[in-house]
Amino acid sequence: MKIIPQEIIQNKIFIIQGKKVMLDKDLAELYGVETEQLTRQVRRNIERFPEDFLLQLTKEEFQNLIRHFGGSSWGGTRKPPYAFTEHGILMLSSVLNSRRAIQVNIEIMRTFTRLREMLASHKELKRKIGEMEKKYDYQFKIVFEAIKKLLDPPPKPKNPIGFHVR
79 MKIIPQEIIQ NKIFIIQGKK VMLDKDLAEL YGVETEQLTR QVRRNIERFP EDFLLQLTKE
139 EFQNLIRHFG GSSWGGTRKP PYAFTEHGIL MLSSVLNSRR AIQVNIEIMR TFTRLREMLA
199 SHKELKRKIG EMEKKYDYQF KIVFEAIKKL LDPPPKPKNP IGFHVR
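Okay, structure coming up:
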């Protein structure tokens, strides 16, 4: 039973403090519960969420998030949200013990796995192109350089948007 398309989940995964995470309000929406209910269950079971499972955004990160997405989507929220790593999301299914939470977690884990596979195949493709480049003569050099440009990420902007710990 697929209840949430992977594209929707992928759009809710952010990189914060160098980790792929999902925010409490997005997870609550996917699970069909109020954010307060989700965070209350986390606080009641905080021993299940070590710091590599759960991050509390700093005030600065939260302000950047609000600026990036606009304040209206945050409603009356005044506290910095929780951000859950993949392992933290897995742990959520044990504290939100509902059928929907289990199904949503399955889809989220599939999405994280798919993202990892895409990254791995990207690296493998770059390696194979490098090997092919060594085998073939100069006439293909231009083609290989064009393919490399497509595979390499664009240079970082001077003022990147995102969350950074200083």
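Offset between the sequence shown (1-based) and my numbering: plus 78.
Just so you know, even glycine gets a beta-carbon here, dropped at the ideal spot from N, CA and C.
Given the structure is predicted, the values throughout are model-derived calculations rather than measurements.
query = For N89, which option in K226, R121, E138 and L193 has the closest C-alpha, if you only look at C-alpha atoms?
reply = Translated into positions along the sequence shown, residue 89 becomes position 11. Ranking K226, R121, E138 and L193 by Cα distance to N89 puts L193 first.
query = Closest to G208 by CA distance: which of V182, E138 and L229 is it?
reply = Counting from 1 along the sequence shown, the entry for residue 208 is found at position 130. Of the listed residues, the one whose Cα sits closest to G208 is L229.
task = Using 10 angstroms around the beta-carbon of D102, count the other beta-carbons present and answer buried if the total reaches 16, otherwise exposed.
result = The count along the sequence shown starts at 1 and reaches residue 102 at position 24. Buried, by the Cβ-count rule.
message = Rounded to whole angstroms, what is the Cα-Cα separation between P85 and N183?
response = Working through the sequence shown from its first residue, we reach residue 85 at position 7. Working through the sequence shown from its first residue, we reach residue 183 at position 105. Just to set this straight, residue 85 is Glu in the shown sequence, not Pro. So the alpha carbons of these two residues sit roughly 15 Å apart.
task = Between the Cα of Q189 and those of I94, Q95 and M100, spot the shortest distance and give me the residue it belongs to.
result = The sequence position of residue 189 within the sequence shown is 111, counting from 1. Before going on, a small fix: residue 189 reads as Thr here, not Gln. Minimum Cα distance to T189 is reached at M100.
inquiry  = What does the alpha-carbon distance come out to for the pair V120 and E223?
reply    = Reading the sequence shown from its first residue, position 42 is the one you call residue 120. Reading the sequence shown from its first residue, position 145 is the one you call residue 223. The alpha-carbon atoms of V120 and E223 are separated by roughly 49 Å.
query = Under the three-state reduction of DSSP, which class applies to V120: helix, strand or coil?
reply = Your numbering for residue 120 matches position 42 in the sequence shown. In the structure shown, V120 sits in a helix (DSSP, three-state: H, G or I).
task = Measure the C-alpha to C-alpha separation of I82 and E185 and round it to an integer number of angstroms.
result = Start at 1 with the first residue of the sequence shown, and residue 82 comes out as number 4. Start at 1 with the first residue of the sequence shown, and residue 185 comes out as number 107. Straight-line Cα distance between these residues: approximately 7 Å.
Cα-Cα separation, S176 to F92 = As a position in the sequence shown, residue 176 is number 98, starting the count at 1. As a position in the sequence shown, residue 92 is number 14, starting the count at 1. C-alpha separation (whole angstroms): 25 Å.
ask   = For I87, does the three-state DSSP call read helix, strand or coil?
value = As a working mapping, residue 87 is identified with position 9 in the sequence shown. Reduced to three states, the DSSP call for I87 is helix.
key: Q269 in three-state terms, based on DSSP   = Outside the modelled stretch of the chain, which goes from 79 to 244, sits residue 269, for which no answer is possible.
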